[in-house]
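The numbers in our numbering rise by one with no breaks, and the one at position 58 of the sequence shown is 731.
Glycine residues also receive a C-beta, built at the ideal position from the N, C-alpha and C atoms.
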Amino acid sequence: MTTVPVETDTAECGGRRQRKAARTRAGIEEAALRLFTEQGFDATTVEQIADAADIAPRTFFRYFPSKDAVLFGDLTGELEQMRLTLRKRSTQEHPMRSLTAAMLDAAERMEADREQHLLRAELLQSLENTGDYELHLLRQRWMRDVTELVTEHLGTDAATDPRPGAWSMTLVSCFGSAMHAWLVRTDGAPLRDLLTEVIDGTSRGLAEATEEFTAQ
């Protein structure tokens, strides 16, 4: 009789749980975005979202703290994916290169969900001032969290080292600009290609901007 190692069995169970959780989260997002579009964000309740996703309301709150959080997507999960990518990169590599690799990976993951991201953007725009305010808070949180990732990867102190914040701000802005173009354009340009183009142009511009001063 073949005995399955405990480690292997545990890993398989963990993998199944993660896949099930991912399916549940995706189902909640799909149901919520559909209801937001059909009847409006304000008119949609958590109970309605849970019913449409065929889950209990308490299950909804295991994945999202509020219906607003559904609208803005899974930032926590995306940050964890970026952290895993950074951990695989060499500590001898410049953190901006490592962060670029993590963002390009994120762009590839988002490519399959373009319609969902486009729907989110349209819904946020329809919320006018409230949407603008929430989006502002979202960007602040994203900047802070990415800075923490870079600081952790670099092994430095963000309170005294300005580099992680500056590098994160630069690349997060590049990602935001590329994503906006990706959602607006109709030529089918992949997000990864647009992001690569924006980062390349930005890096060359920064190099030229400092040439005169570093040469002295």
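- Leu796 is the residue among Ala880, Trp815 and Leu796 whose C-alpha sits nearest the C-alpha of Phe709.
- When C-beta atoms of the segment 723-741 are compared with those of the segment 811-824, fewer than three pairs fall below 8 Å, so the two segments do not count as touching.
- Taking the C-beta atoms as reference points, Leu791 is found no nearer than 8 Å to Leu864.
- In the assembly as shown, Ser841 is a buried residue. Its beta-carbon has 16 or more other beta-carbons within 10 Å.
- Judged by DSSP in its simplified three-state form, Pro835 adopts coil rather than helix or strand.
- A check of alpha carbon separations from Leu744 across Ala854, Arg770, Met852 and Asp715 identifies Asp715 as the nearest.
- Note on Pro768: 16 or more other CB atoms within 10 angstroms of its CB, so buried under the neighbour-count rule.
- In the pairwise beta carbon analysis, the segment 713-733 is classified as not touching the segment 745-762: fewer than three pairs are separated by under 8 Å.
- Burial is judged here by how many other beta carbons sit within 10 angstroms of a residue's own beta carbon; Gly878 has fewer than 16 and is exposed.
- Relative to the Cα of Glu766, the nearest Cα in the group Gly828, Lys740 and Thr749 belongs to Gly828.
- In the structure shown, the three-state DSSP call for Thr718 is coil.
- For Ser799, the uninterrupted alpha helix (DSSP H) run begins and ends at Arg787 to Ser799, by DSSP.
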